[in-house]
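Just so you know, the sequence shown maps onto residues 405 to 517 in our numbering. Glycine included, C-beta positions come from ideal geometry on N, C-alpha and C.
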Amino acid sequence: MATLDYWRDDPDAPFAELLAVLETFYHPELNEANGPEALSRLVHRVESEGFTSAHHDVPRFLAELRTALSDPGRLPDGQLCKATYYDEEPDDAAFLERVWRDIYPGRPLPSDG
Numbered sequence: 405m406a407t408l409d410y411w412r413d414d415p416d417a418p419f420a421e422l423l424a425v426l427e428t429f430y431h432p433e434l435n436e437a438n439g440p441e442a443l444s445r446l447v448h449r450v451e452s453e454g455f456t457s458a459h460h461d462v463p464r465f466l467a468e469l470r471t472a473l474s475d476p477g478r479l480p481d482g483q484l485c486k487a488t489y490y491d492e493e494p495d496d497a498a499f500l501e502r503v504w505r506d507i508y509p510g511r512p513l514p515s516d517g
């Protein structure tokens, strides 16, 4: 069973970077008011300018996001909600889809082909 902070305890654990990034940008007590917009800007800077974040491995985050979108059941039970305290979406899959659309408005989900 995964502990509350397993992604902090083992940064190499599955989905650790995904959860750490989402905690940073989506947790209501930790993020700035424009957390999703800031994440989108960061991702686009990494992709278009070759920027390297000092705090997060953005390519790994995106790979883990794509994996989680293709099979949300692979995420450790309850960990996404613990990292983000999301309550506007009905489940992990819907929240992950929201994150994708926050980053890439208008782009199809990776699982959509």
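| request: Measure the C-alpha to C-alpha separation of Asp416 and Tyr489 and round it to an integer number of angstroms. | output: Distance between the alpha carbons of Asp416 and Tyr489: 22 Å.
| Nearest residue (CA-CA) to His448, options His459, Leu466, Ala497, Pro432 | Closest option to His448, Cα to Cα, is Leu466.
| When the Cβ atoms of the stretch 463 to 483 are set against those of the stretch 496 to 509, are three or more pairs found closer than 8 Å? | These segments touch.
| said: Along the chain, where does the alpha helix (DSSP H) containing Arg478 start, and where does it finish? | reply: It is not in any alpha helix (DSSP H) - Arg478 carries neither H nor E in the DSSP assignment.
| Under 7 Å, do Asp496 and Leu484 count as touching if we go by C-beta distance? | Cβ atoms of Asp496 and Leu484: closer than 7 Å.
| query | By Cβ distance below 7 Å, which residues in the same chain neighbour Asp414 in space, the five residues on each side in sequence not counted? | reply | Once the five neighbours on either side are set aside, the close Cβ partners of Asp414 are Ala420.
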